[in-house]
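Notes for the one structure printed next.
Chains as they are written, first to last, in the working numbering: chain C, 1 to 115; chain G, 1 to 115.
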C-alpha cells in the first residue's frame, strides 16, 4: 500500500539557517513519482518538484535541494539559508504508476522561520 | 490561462443543511481530485473523477457525501446534512490526461464552516 511519512510535525529555525525536511515513503510499485508541495499561510498549494523513481540524481533549484535515496525510500528536502517567506507547511506526496488510484500525501511538516 | 477555480472560497452552513462545492479544472484537464484538510492535518484523498465517471471514491465517507464531474460544467462535491465534523478545507486539483506522473494543480480551496 502507498504510504508517506513525514516524521517532523513542526520545525523552527532562525533565518539563514539550513533546514532539512524528511520524507519516507512506502510503495510496492517499481515505477512511482514523488512530489513536494508548499502550503503558505494563505492556504493554496504550490508545486515544488516532481521526481520519478528511475531518476535518483539529486536536484538543486536556488536555495532548494532534494535528496532522493531509493535504498532508504526517502526523498528529503533541504532549504539553504532559510528566509521568513519559507514559513509554510510542506507536504511530500507519492503517486504510483501501476497500483493505487490516487495521490497520497504525507501529514506535512510545519516550518517556521524566525527573523 | 486560468488555474483551478474553486468557489465559494468560504462557505458557512448550519448543521443539517447542504453544502455544494464547485471546482473548475484547468483548461484542457479532464481529471479532477478532491481532498479534505482538517485543521492542523494533512490532505486526505476523497475522490478522483474524470468527465462523467467516478474512478476512485475510496476516500469518500459512505453517507452524505457525493461527487460528480459532468460533461459540461464544474465538478461538484456535495455534502448533505452537514455536521460540525465536516468543517474543513476542501481542495480540488486537476491534471491532464496522464495523471500518474503529472503534478496536480490545486485550487485555493473552499473553507467550510458548520455552525
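C-beta: ideal position from N, C-alpha, C; glycine also.
Just so you know, these numbers come straight off a predicted model, no measurement behind them.
Please identify the residue among the options whose C-alpha is closest to the C-alpha of residue i.
i                      : options                      : result
residue 104 of chain C : C/20, C/19, C/27 and C/21    : C/27
residue 64 of chain G  : G/15, G/44 and G/11          : G/15
residue 33 of chain C  : C/108, C/109, C/95 and C/106 : C/95
residue 98 of chain C  : C/29, C/87, C/68 and C/77    : C/29
residue 49 of chain G  : G/85, G/61 and G/29          : G/29
residue 16 of chain C  : C/64, C/110 and C/109        : C/64
residue 2 of chain C   : C/10, C/14 and C/73          : C/73
residue 70 of chain G  : G/18, G/32 and G/96          : G/32
Counting only the same chain and skipping the five closest in sequence on each side, list residues whose C-beta sits under 6 Å from that of residue i.
i                     : result
residue 12 of chain C : 112
residue 20 of chain C : 76 and 78
residue 51 of chain C : 34 and 68
residue 45 of chain C : 37 and 39
residue 10 of chain C : 110
residue 84 of chain G : 114
Assign residue i to buried or exposed, taking buried as 16 or more other Cβ atoms, counted over all protein chains shown, within 10 Å of its Cβ.
i                      : result
residue 103 of chain G : buried
residue 180 of chain C : Lying outside 1 to 115, the shown extent of chain C, residue 180 of chain C is not represented and no answer is given.
residue 81 of chain C  : exposed
residue 110 of chain G : buried
residue 114 of chain C : exposed
residue 12 of chain G  : exposed
residue 57 of chain G  : buried
Report all residues from its chain with a CB closer than 7 Å to the CB of residue i; omit the five preceding and five following residues, and keep chain order.
i                      : result
residue 108 of chain G : 6 and 9
residue 43 of chain G  : 35, 37 and 91
residue 88 of chain G  : 36, 37, 38 and 112
residue 46 of chain G  : 34, 35, 36, 59 and 60
residue 108 of chain C : 6, 89, 90 and 91
Going straight from the alpha carbon of residue i to that of residue j, what length do you get?
i                      : j                     : result
residue 47 of chain C  : residue 80 of chain G : 32 Å
residue 66 of chain G  : residue 90 of chain C : 29 Å
residue 23 of chain G  : residue 23 of chain C : 30 Å
residue 43 of chain C  : residue 54 of chain C : 32 Å
residue 115 of chain G : residue 68 of chain C : 44 Å
residue 51 of chain G  : residue 78 of chain G : 17 Å
residue 39 of chain C  : residue 86 of chain C : 10 Å
residue 53 of chain G  : residue 76 of chain G : 13 Å
residue 41 of chain G  : residue 94 of chain G : 21 Å
residue 14 of chain C  : residue 62 of chain G : 45 Å
residue 83 of chain C  : residue 18 of chain C : 10 Å
residue 72 of chain G  : residue 21 of chain G : 16 Å
residue 25 of chain C  : residue 56 of chain C : 15 Å
Between which residues of its own chain and residue i is the CB-CB distance below 8 Å, once the five residues before and five after are set aside?
i                     : result
residue 3 of chain G  : 26, 105 and 107
residue 93 of chain C : 4, 34, 35, 36, 37, 103, 104, 105 and 106
residue 41 of chain C : 87 and 88
residue 62 of chain C : none
residue 18 of chain G : 78, 79, 80, 81 and 82
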